Amino acid sequence: MSAAVDTFDVAIVGLGPTGLTLAHGLGQRGHRVLVLEREPSFYGNARAVYTDGECLRIFQSFGMAETLAADMLQDAPVQMMLPDGSVLFQLKNTHRPHGWPANNFFYQPLLETALAEGLARYPNVTVLRGRELTRFEQDAGGVDLFHVATEGTGYGKAAQPPGARAEPVAGEVSLRARWMVGADGGRSAVRGQLGIGMTGKSFPNPWLVVDIKAKDPADGLHHLPYFNFICDPTCPTVSCVQPNGHHRFEFMLMPGQTREHMEHPDTVRHYLSKHVNVDKFHILRTLVYTFNALMAERWREGRVLLAGDAAHMTPQFIGQGMNAGVRDAYNLGWKLDAVLRGQAGEALLDSYEQERRPHAAAMTREGIRMKDFVSMVNPVGTLLRNALTRVVVRLPKLGTFVRQGDFIPKPSYSNGRYVGLRRRRRAGAEGRLMPQPLLRGPDGRRRLLDELIGPGFALIGAGTDPRSALDDETRALWQSMGATFVSVHPFGGLPQGSVTHAVPAGLIEAEDPDGSFHTWWRRSGAGKGFVAVVRPDRFVFALVPGQQLAQVTREFARQMHRDQALAQAPVSQTATSIHTLPQAA
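Residues 8 to 592 (my numbering) are what the sequence shown spells out, left to right.
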């Protein structure tokens with residue numbers, strides 16, 4: 008008799024930021040999750056160094072934002088510097104539309120360690136380090152994974168060629184999962200075994216990265232308070248601030264310079280000495296690397312999905328490589344949850360790539376443009392760049408757009424290619440991330456919006472109970488989805504003056520002290536009696552007059568493929584997880 012095989016809802020391959028985010032998102036929702044990680048311990052060196060307010064909001068969704076932010080440098084300006092030390096222009100943005108600073112610099116080993124330790128709160132999440140996926144086989148009901156013990160490769164294993172056949176290996180252990188996610192990086196074994204190729208461009212310009220740490224965190228870096236792109240045509244350089252005395256420099260290799268020469272300790276010391284007193288620092292790592300702008304041909308094959316660098320790779324110049332993977336995980340997490348609960352059909356998962364691919368591609372294009380700006384070496388070209396930049400940043404509207412970094416793609420999906428109603432106006436909210444205002448909650452304390460509404464769907468009215476426009480059938484559907492119902496009033500506008508004005512059961516009432524919620528509401532074209540239908544990832548499904556809400560709910564059921572979910576669900580599940588609606592007339 009064969010041994011019993013462990014069964015999980017989702018198996019995640021890879022314990023980087025993407026896999027960690029997905030494990031948290033599924034773990035907090037109660038699903039049985041297994042994470043396989045080839046390396047016995049974390050890499051121990053920084054790769055990513057930056058995150059934004061949108062991703063801190065994602066970390067907030069599973070209670071880790073405050074912990075992570077404690078080890079970040081926040082609101083640090085980003086500067087374009089010239090070789091003489093003068094500032095060409097600064098990127099400064101202190102707005103917090105998502106409730107968190109726009110610029111946050113961190114040391115990746117601290118971030119990954121904190122996220123990994125945070126998984127201990129979920130008894131339903133199992134992490135196996137030092138276990139390498141050898142092969143997998145999928146069928147209509149799930150995926151069989153095979154893995155072996157490994158001492159790791161120091162994060163240096165070559166990528167498998169697409170379609171390489173994986174043979175059984177001695178000592179394999181098997182497990183089964185309903186779904187599998189390959190979050191195993193740019194050299195993804197999952198992607199390789201699926202036979203999925205990458206398209207795009209690899210850039211030939213090598214860069215030397217040097218990570219250093221001050222022997223005394225209070226001494227040696229006071230003269231480098233900000234993140235600097237040094238636009239030096241003789242040696243384009245990146246100087247990256249990090250917390251706790253850490254710092255990174257990146258130097259672009261010029262023609263004729265070899266990897267061996269640049270990685271030699273004397274060369275490294277020479278380049279560092281242009282910017283710091285080298286004797287005050289420990290040199291943690293030196294590495295010559297090139298970067299890529301690549302996209303997987305597809306992100307799903309049956310019950311296996313790709314996320315993070317396994318699905319796309321972007322140049323590091325706008326700091327969005329890791330963040331793109333975190334966004335992937337957040338998008339995919341709520342959809343897997345809905346499918347696993349029988350609240351949505353499996354076809355919903357096709358919207359993951361449909362939504363995320365264009366946004367990841369836009370980030371990649373912007374990263375390439377920033378690379379071209381920083382790494383320009385033609386003397387005439389650099390003079391023209393500098394002169395034009397000085398003019399642009401002084402223009403009233405365009406200058407503000409550039410100085411605030413508003414050229415970085417916003418969290419907005421291509422119209423008609425997302426789970427939600429089509430936008431009917433240019434400033435429409437549908438398919439866009441809802442801001443996170445700081446509200447005054449029912450207990451009289453200031454709370455961020457997401458803390459009030461919880462991790463699921465939400466129906467939000469401006470001063471009205473969003474349930475008032477629902478009939479019994481549509482109300483029952485939203486209740487079966489675990490939706491939260493919220494009414495946001497102007498500051499000082501809560502119902503009062505009569506004992507009959509008790510808060511209706513099941514409704515959260517809040518106030519908008521600084522008016523930011525109602526400003527967004529009006530700019531999005533909403534008025535009195537409108538209701539916003541907000542997805543678990545805080546993208547807006549619909550913002551419509553209340554009288555249209557029953558019709559919108561039926562469209563929601565269609566886009567969630569709930570008929571498919573009903574057909575696929577076990578008999579015992581249909582009564583509790585799935586609520587059907589009559590067809591719209």
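Note that beta-carbon positions come from the ideal geometry of N, C-alpha and C, so glycine has one too. The model shown is predicted, which means the values in this text are computed figures rather than measured ones.
Item to check | According to DSSP, residues forming a beta bridge with residue 445 | outcome: For residue 445, which the question treats as bridged, DSSP gives the partners 455.
Checklist entry - Do three or more CB pairs link the segment 462-479 to the segment 489-509 at distances below 8 Å? => result Contact holds: three or more Cβ-Cβ distances are below 8 Å.
Next on the checklist: Closest to residue 49 by C-alpha separation, out of 40, 57 and 27, would be which residue?
Outcome noted: Per the Cα distances, 27.
Next on the checklist: Closer than 8 Å is the cut-off here; do at least three beta carbon pairs connect the segment 173-188 with the segment 232-244?
Outcome noted: Under the 8 Å Cβ criterion, the segment 173-188 does not count as touching the segment 232-244, having fewer than three qualifying pairs.
Checklist entry - Do three or more CB pairs link the segment 471-487 to the segment 557-569 at distances below 8 Å? => result Yes: at least three Cβ pairs fall under 8 Å.
Checklist entry - Once you ignore the five residues that flank residue 213 on each side, which residues in its own chain have a CB closer than 6 Å to its CB? => result Same-chain partners within the cutoff: 260, 295 and 297.
Next on the checklist: At the level of alpha carbons, what is the spacing between residue 539 and residue 271?
Outcome noted: Near 59 Å, if we compare the C-alpha coordinates of residue 271 and residue 539.
Checklist entry - In its own chain, which residues sit with a C-beta less than 7 Å from the C-beta of residue 456, not counting the 5 before and 5 after it? => result Short of 7 Å from the beta carbon of residue 456, and not among the five residues preceding or following it, lie these beta carbons of its own chain, in chain order: 443, 444 and 446.
Checklist entry - Within 10 angstroms of its Cβ, does residue 438 collect 16 or more other Cβ (buried), or is it exposed? => result By the C-beta density criterion, residue 438 is buried, having at least 16 other C-beta atoms within 10 angstroms.
Item to check | Cβ shell of residue 481 (< 8 Å), same chain only, five flanking positions each side left out | outcome: These residues qualify, in order along the chain: 556, 557, 560, 561 and 588.
Next on the checklist: So, with DSSP's three-state summary, where would you put residue 89?
Outcome noted: Correct three-state label for residue 89: coil.
Checklist entry - On the three-state DSSP scale, how would you describe residue 460? => result It is helical.
Checklist entry - Taking C-beta to C-beta, are residue 359 and residue 546 nearer than 9 Å? => result No, these two residues do not count as a Cβ contact at 9 Å.
Checklist entry - DSSP three-state call for residue 81: helix, strand or coil? => result Residue 81: strand per DSSP, three-state reduction.
Checklist entry - So residue 560 is in the alpha helix (DSSP H); what residue range does that whole segment cover? => result 556-566 is the extent of the alpha helix (DSSP H) around residue 560.
Checklist entry - For the beta strand (DSSP E) that contains residue 234, what are its first and last residues? => result 234-237 is the extent of the beta strand (DSSP E) around residue 234.
Checklist entry - Assuming residue 375 contacts residue 449 under a Cβ cut-off of 8 Å, what Cβ separation, rounded to an integer in Å, is found between them? => result Rounded, the Cβ-Cβ distance is 48 Å, inconsistent with contact.
Checklist entry - Using CA coordinates, which residue listed in 289, 368, 309 and 149 is at the minimum distance from residue 206? => result The residue with the shortest Cα to Cα distance from residue 206 is 368.
Checklist entry - By how many angstroms is the C-alpha of residue 255 removed from the C-alpha of residue 582? => result Only weak support exists for where residue 582 lies, its pLDDT of 33 falling under 50; the coordinates are left without a value.
Checklist entry - Expressed to the nearest angstrom, what Euclidean distance is found between the alpha-carbon atoms of residue 82 and residue 155? => result Counting only the Cα atoms, residue 155 lies some 44 Å from residue 82.
Checklist entry - Which one or two residues does DSSP pair with residue 308 in a beta bridge? => result Note: residue 308 sits in a beta bridge opposite 311.
Item to check | Nearest-angstrom Cβ-Cβ length linking residue 191 and residue 20, presumed shorter than 8 Å | outcome: Between the beta-carbon of residue 191 and that of residue 20 there is about 5 Å, and that keeps the pair under the 8 Å contact cut.
Item to check | Which listed residue (189, 24 and 18) has its alpha carbon closest to that of residue 328 | outcome: Ranking 189, 24 and 18 by Cα distance to residue 328 puts 24 first.
Checklist entry - Relative to the C-alpha of residue 95, which residue among 129, 230, 401 and 276 is closest? => result Comparing Cα positions, the closest option is 401.
Checklist entry - Taking contact to mean at least 3 C-beta pairs separated by less than 8 Å, is the segment 317-325 in contact with the segment 377-390? => result Inter-segment contact for the segment 317-325 and the segment 377-390 is present: three or more beta-carbon pairs are separated by less than 8 Å.
Next on the checklist: Please classify residue 195 as buried or exposed, where buried requires at least 16 other C-beta atoms within 10 Å of its C-beta.
Outcome noted: With 16 or more other Cβ atoms within 10 Å, it is buried.
Item to check | Exposure of residue 522, with buried meaning 16 or more beta-carbon neighbours within 10 Å | outcome: With fewer than 16 neighbouring CB atoms inside 10 Å of its own CB, residue 522 falls in the exposed class.
Checklist entry - So residue 481 is in the alpha helix (DSSP H); what residue range does that whole segment cover? => result Run containing residue 481: 479-487, per the alpha helix (DSSP H) assignment.
Item to check | Span of the beta strand (DSSP E), counted from its first residue to its last, around residue 15 | outcome: Run containing residue 15: 13-20, per the beta strand (DSSP E) assignment.
Checklist entry - Applying the criterion that 16 or more other CB atoms from any shown protein chain within 10 Å of the CB defines a buried residue, is residue 90 buried or exposed? => result Around the beta carbon of residue 90, fewer than 16 other beta carbons lie within 10 angstroms, which makes this residue exposed.
Checklist entry - Secondary structure at residue 107, three-state DSSP: helix, strand or coil? => result Secondary structure of residue 107 (DSSP, three-state): coil.
Next on the checklist: Under DSSP, the beta strand (DSSP E) around residue 242 begins and ends at which residues?
Outcome noted: First-last for residue 242: undefined, no H or E at that position.
Item to check | Residues that DSSP places opposite residue 593 in a beta bridge | outcome: Because the chain here runs from 8 to 592, residue 593 falls outside it and cannot be looked at.
Item to check | Residues that DSSP places opposite residue 97 in a beta bridge | outcome: Its beta-bridge partners are 86.
Item to check | Beta-bridge pairing of residue 183 - partner residues as DSSP gives them | outcome: Looking at the DSSP output, residue 183 shares a beta bridge with 14 and 151.
Next on the checklist: By DSSP's criteria, residue 188 is part of a beta bridge. Which residues make up the other side?
Outcome noted: Partner residues in the beta bridge of residue 188, as assigned by DSSP, are 19 and 312.
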